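Working notes for the structure below.
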DNA sequence: AAACATGTTTCCCA
DNA sequence: GTGGGAAACATGTT
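In the numbering used here, the protein residues as written are 3 to 274.
The structure is reproduced here in structure tokens:
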């Protein structure tokens with residue numbers, strides 16, 4: 003789940019519940035998700051106030067009253083939750099922040115690919131991870147500059163968080179479908195018009211997804227996402243799922259690009 | 001029951 | 001340094 007729109011949705015959830023609250027306790031149920039020493043985290047958190055939240059790409063930040071930030075990265079299966087009684091702790095809660103109000107915020111992560119760490123600042127973290135500009139903030143010009151030096155395939159380039167931060171596998175497929183560009187085009191060969199379409203599609207897909215709180219099933223019918231996982235009307239003997247929203251007779255094709263499952267419409271997104 | 005999975009990092013190779 | 005491919009991580013779902 004956690005690509006940029008999910009993380010933005012989580013951030014808003016945490017913002018409402020946590021800002022102006024004090025951290026009363028830091029409970030670790032599974033150390034595996036900690037990227038900073040447990041005691042260091044506890045010392046940094048307990049007694050501090052949460053002054054605000056922010057997000058960069060797929061990373062969510064809780065700002066602390068001493069200026070440091072708690073960085074949440076949700077890996078592949080991370081989620082957030084809130085509860086009051088231990089008996090109501092969500093399944094797979096790995097870490098819980100107990101707030102002064104008595105509410106407990108859960109960092110939920112079945113597969114434990116997510117990480118919690120402390121950073122000096124958002125900027126310090128961005129530098130350490132060499133993260134590019136947020137995918138919602140990147141300009142057409144910045145996108146153009148970054149991609150026009152790339153000889154790699156377009157899809158892997160867009161997934162590279164150093165280039166721009168926040169795009170994940172599902173979003174990139176949707177963006178490329180909306181922009182009508184094939185994922186295996188060489189990044190540097192896009193035309194001016196294609197760079198513009200690409201930028202517009204990134205904005206459209208991210209804004210739409212955030213508006214729907216990343217609840218993919220409620221996305222517009224014009225989105226490719228509906229032809230994915232939950233739509234298991236695949237034609238027997240093929241790897242296709244359903245049909246292109248624009249060409250009702252054309253089956254969406256599943257391939258692998260850069261090792262990742264990739265869905266395209268062969269008519270909308272002609273190869274090379 | 002084997003296959004597949006939304007992310008990131010690392011290693012090996014050209 | 002650049003880019004590709006595969007593996008590893010840990011575990012749930014189909």
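Every residue gets a Cβ at the ideal spot worked out from N, C-alpha and C, and that includes glycine. All figures in this text were calculated on a predicted structure; none of them were measured in a lab.
Within the stretch 80-152, the runs of alpha helix (DSSP H) that reach at least 4 residues and sit entirely inside it are, in chain order, 124-131 and 142-150. Here the stretch 4-12 lies against the stretch 210-228, with 3 or more beta-carbon pairs under 8 Å apart.
Here the alpha carbons of residue 88 and residue 203 stand approximately 43 Å from one another. Proximity to residue 156 across 131, 178 and 137 peaks at 178, based on C-alpha coordinates. Contact between the stretch 147-161 and the stretch 259-273 is present, with at least three C-beta pairs closer than 8 Å. Considered as a whole, the stretch 15-47 harbours 25-30 as its complete beta strand (DSSP E) runs of no fewer than 3 residues, in chain order. Non-local C-beta neighbours of residue 138 in its own chain, meaning closer than 6 Å and more than five positions away in sequence, comprise 208, ordered along the chain. Remark: C-beta atoms of residue 67 and residue 51 approach each other more closely than 8 Å. Here the alpha carbons of residue 109 and residue 29 stand approximately 10 Å from one another. The three-state reading of DSSP puts residue 184 in coil, since its state is none of H, G, I, E or B. In the same chain as residue 13, and ignoring 5 residues on each side of it, the C-beta atoms closer than 7 Å to its own belong to 55, 57 and 62, in chain order.
For residue 49, the CB contacts under 8 Å within the same chain, skipping 5 residues up- and downstream, are 24 and 25 in chain order. Within a 10 Å sphere around the beta-carbon of residue 174 sit 16 or more other beta-carbons, which makes this residue buried. Residues 247 of the same chain have their beta carbon placed closer than 8 Å to that of residue 223, with the five preceding and five following residues left out of the count.
Between residue 190 and residue 151 the beta-carbon gap is near 7 Å, inside 8 Å, which marks them as a contact. Residue state for residue 63 is assigned as strand, using DSSP reduced to three classes. With fewer than 16 other beta carbons inside 10 angstroms of its own, residue 45 counts as exposed.
Around residue 182, the same chain offers 199, 270 and 271 as residues with beta carbons nearer than 8 Å, after the five sequence neighbours per side are excluded. Closest by C-alpha distance to residue 16, out of 135, 35, 73 and 41, is 73. Per DSSP, the continuous beta strand (DSSP E) segment holding residue 75 begins and ends at 71-75.
Selection 267, 134, 147 and 4 evaluated against residue 117 yields 4 as nearest (Cα-Cα).
Straight-line spacing of the CA atoms in residue 176 and residue 131 works out to 26 Å. Residue 10 carries a helical assignment under DSSP once its states are collapsed to helix, strand and coil.
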